[in-house]
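Asker: Here it is, the structure in full.
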Amino acid sequence: MTGRENSEEQFENQWRDAFDQFEEEAPKQVWSEIDRELTYSDLSSYKSKVVYYRWVAAVVLLMAASIVMLQYYSFKDNIQYVSYSDNSMEEGPVIENTVKLMIPLEVKSKELSGVSNFLSTIGDSFGLASKSEEETIESTESFFTSQIVMHEVNSLRPTNEIITTHQDKYLYYLPVYNFKKQRKKAESSKYYAGLGVGSNSFNPNYQGGATNSLSDNLAFSPTAYSAVRDEASNTIAPNMREDMASGESISLGLNFGVKLGNRWTLESGVQYARAEAITKTNMVVETTTFQEVIPATVQGKNIPAFESALNNETVVEYDYRDVNMNNQFEFTSVPLKAGYLILNNKFKLEVNAGLIANIYMGNKLTSNDDNVADLTIGPGSTSPYRDLSFSGLAGVEMGYQFMKDFDIIIEPNYRQSINSLTKDNSSFKTNPSGFGLMTGLRYNF
Amino acid sequence: MEFSDEELIHDCIKGKRKAQEELYAKYSSRMYPIALRYSKMQQEAEDILQEAFLKVFKNIKAFRQDSSLVYWIKRIVINTALNHQRSKLYLYPMVDVGDLKNQYGPDLTISNFSYKELLEMIRRLPTGCQVIFNLYAIEGYKHHEIAEQLNISEGTSKSQYARAKSLLQRWILENNNIDYDRAGEF
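Residue numbers (the numbering used here), protein chains in the order written: chain W, 698 to 1142; chain C, 294 to 479.
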């Protein structure tokens, strides 16, 4: 090493030593800002969950309201009021000790005979006509009501004092639902249809291209970028990096099915699904044609306005900035699945599997930052997304018959995309998967 | 009670705000001077520090515990500072400034300058010179490494450094009485 080199090193060493261990307190407001950003970030992650819970709450309320309404109208139609009057009690004092028995129809013959025997015994003992208790018995299709009037012993006479009339003096009823009869009807029904809503986790399983350089991904070649693929936080020269993080999806649809024999079912329908995921990119492009900066994302590669702005050399500046964009994918889905009924009683348990055809309707990328432009990637020849993709579906459907012809359905399931949502020539791939929960109401014809 | 780095990292990964605050309190005073060195204005340095620590908390899961935490945080602060300067470098591209000779000889000493004075001298440098002087003289990177990081030629890095060194030497010689209010003139 020469003396000159030594002296040059001395110069640098002096500066290095001067700054080596120096410490200076940062202003307090820096931490306040960090704290605020961290809180905001936490809230953003909760926000998507809140949307999910809001949907679930709405569905639960809707279903609860439906159940209450259906129960109300059903009972209203089936209940008959039983009443009696004491206008026949003129001939002697009658103590109004009234006992009412509510006996389900199914047990009528067995238990009523016991009651009759009991009354007959009492009647015989006190000279009461055994006919009287029979006259107080009324039945309806679904309910059976018996009422017995107990008379004071010293006032009992062998006359027909107890007469049922339609004068409303007392009103007693207790509905006892006759499930057995209804179950038979449900079991005989072959077709069913229903409404369903659900929520899934949505893991896009994003895979970027072979290189992450801006020039490869955005179809233009600024000389300012190299093709280093490491994370920005671990390298001094961060390159373009893009990723897509998981989110949630919600779906709403109609379904219909047919029973093939005692155990097998075949079901289809149509669903609208909206899936959310977060695209993270570290670069924005400022142009003279847009007021907002454009997030650098491979999804925007073929957006005509974006491409035109880049090709016309209207780019002012490429800036490194961490931007989170919220993807909102929309699909129309047509599922087709086969199921096997393990249980087929009041409770149903079915395992099923099938295919879903997803028709891509678009993806809207939005940012909370007003200075970042929103992008919409529609279907079509310039879109990186296929118009039609397929997913596999497997689930366990649990049903509960809560009314004559209605079942409430809950189905945990798993979906896995069979082919990538993107076209073969796209520089990224995404094969979404996720666990979900479908809930719904079903009507058995 | 002072927590160890391992405890802080563990709790930061869980997103505990208290641990994040502790980590910031422990290292921010060492990182703030770095941010100051790469910026022209104090507000810019605060922005760099804020952004860097947000990246630290966001990426702390990726930290490999076999390396030094302080070095890892320092790298993030420098990266963030470079990102801030990068947009300026595109607007005002760096060009070779010719082969500058060292006019001031080897015996120049800075020991009679305070840290604040030296810092202000660095911040008076033109942006390109400031970045390259920091990377070469203080961070210890080689010119070819700087060239890769900034996507410039090695010759540009050398000539910008020579320009920075020349300016600093002139100011040191000129005195002891630099008008620091002229900061940002370049």
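We put the CB at the ideal spot given by N, CA and C, even for glycine.
1) What do you reckon, are the CB atoms on C/L443 and C/I465 nearer than 9 Å?
2) Between the stretch 722-740 of chain W and chain D, which residues of the former have a C-beta closer than 9 Å to a C-beta of the latter?
3) Does any residue of chain W bring its CB to less than 9 Å from the CB of C/A408?
4) If we ignore side chains and look at the alpha-carbon of each, how far apart do C/S452 and C/H436 end up?
5) Could you give the first and the last residue of the continuous alpha helix (DSSP H) run that contains C/N352?
6) Whole angstroms are fine: how far does the CA of W/F1132 sit from the CA of W/L668?
7) Am I right that W/N1110 and W/S1086 are in contact with their C-beta atoms under 8 Å? What's the rounded C-beta distance?
8) Which residue marks the beginning of the beta strand (DSSP E) containing W/G1051, and which one marks its end?
9) Within 9 Å (strictly less), CB to CB, does W/Y1111 reach chain C?
10) Whose CA, out of W/D1104, W/G1089 and W/L1090, lies closest to the CA of W/Q1096?
11) Just the Cα atoms here: how many angstroms apart are W/N1023 and W/N1041?
12) Compute the Euclidean distance between the alpha carbons of C/D298 and C/K458, then round it to the nearest angstrom.
13) Closer than 6 Å by C-beta to C/F356: which residues in its own chain qualify, once you throw out the five before and the five after it? Chain order, please.
14) Listing by chain order, which chain W residues have their CB less than 7 Å from the CB of C/F350?
15) Could you check where the alpha helix (DSSP H) with C/Y454 kicks off and where it finishes?
16) Of all the CB atoms in chain C, is at least one closer than 9 Å to the CB of W/R713?
17) What residues match up with W/F1103 in a beta bridge as DSSP calls it?
18) Looking at C/R417 and W/D1016, is the spacing between their C-beta atoms short of 9 Å?
19) If we cut at 9 Å on Cβ distances, does C/P326 have a partner in chain W?
20) With respect to the alpha helix (DSSP H) encompassing C/G421, which residues constitute its N-terminal and C-terminal limits?
21) Candidates C/M334, C/K311 and C/F296: which alpha carbon is nearest C/M414's?
22) Is the CB-CB distance between W/Y903 and W/K1120 below 9 Å?
23) By how many angstroms is the C-alpha of W/V1069 removed from the C-alpha of W/Y1057?
24) In three-state DSSP terms, what is W/T1079?
25) Output yes if chain C places a C-beta closer than 9 Å to the C-beta of W/F1044; else output no.
26) Against chain C, with Cβ distances strictly below 9 Å, would W/F719 count as a contact?
27) Going by DSSP in three states, W/G893 sits in which element: helix, strand or coil?
28) Need the endpoints of the beta strand (DSSP E) that W/K956 sits in, please.
29) Is the shortest distance between the beta-carbon of C/T420 and the beta-carbons of chain W less than 9 Å?
30) Could you tell me whether the Cβ of W/F708 comes closer than 9 Å to any Cβ of chain C?
31) At 8 Å on the CB atoms, spell out the chain W contacts of C/A430, in chain order.
32) In whole angstroms, what separates the C-alpha of W/D1071 from that of W/V747?
Answerer: Let me spell this out:
1) Cβ distance not < 9 Å, so C/L443 and C/I465 don't count as in contact.
2) No chain D is present in this structure, whose protein chains are W and C.
3) Reading off the sequence shown, one finds Tyr at residue 408 of chain C, where the question assumed Ala. At a cut-off of 9 Å, the C-beta of C/Y408 has a neighbouring C-beta in chain W.
4) Rounded to whole angstroms, C/S452 to C/H436 spans 10 Å at the Cα level.
5) Going by DSSP, C/N352 is part of the alpha helix (DSSP H) stretching over Q335 to N352.
6) In the structure displayed, chain W extends from 698 to 1142; residue 668 of chain W sits before or after that span and is not available.
7) Actually they are not in contact, since the Cβ atoms of W/N1110 and W/S1086 sit about 18 Å apart, beyond 8 Å.
8) Taken as a continuous stretch (DSSP letters only), the beta strand (DSSP E) holding W/G1051 covers F1044 to T1063.
9) Cβ-Cβ to chain C under 9 Å: no for W/Y1111.
10) The question names Gln, yet the displayed sequence has Gly at residue 1096 of chain W. Cα-wise, what sits closest to W/G1096 is W/D1104.
11) Straight-line Cα distance between these residues: approximately 43 Å.
12) About 38 Å.
13) The residues are W365.
14) Those are L735, listed as they occur along chain W.
15) E447 to E467 is the span of the alpha helix (DSSP H), which, as asked, contains C/Y454.
16) Cβ-Cβ to chain C under 9 Å: yes for W/R713.
17) Paired residue(s): W/Y1140.
18) Their beta carbons are not under 9 Å apart, which means W/D1016 does not touch C/R417 by this criterion.
19) Answer yes: the Cβ-Cβ gap between C/P326 and chain W drops below 9 Å somewhere.
20) Here the alpha helix (DSSP H) through C/G421 covers T420 to F426.
21) It is C/M334 whose Cα lies nearest to the Cα of C/M414.
22) No, they are not a contact pair.
23) The alpha-carbon of W/Y1057 is positioned some 25 Å away from that of W/V1069.
24) W/T1079 sits in coil when the DSSP states are folded into three classes, being neither helix nor strand.
25) The beta carbon of W/F1044 does not come within 9 Å of any beta carbon belonging to chain C, so the residue lies off that interface.
26) Yes, contact with chain C.
27) If DSSP states are grouped into helix, strand and coil, W/G893 belongs with the strands.
28) Element bounds for W/K956: G944 to L957.
29) Not closer than 9 Å to any Cβ of chain W, the Cβ of C/T420 fails to qualify, so no.
30) Chain C contact via Cβ: present.
31) Within chain W, the residues near C/A430 are F708, E709, W712 and R713.
32) Rounded to the nearest angstrom, the gap between the Cα atoms of W/D1071 and W/V747 is 23 Å.
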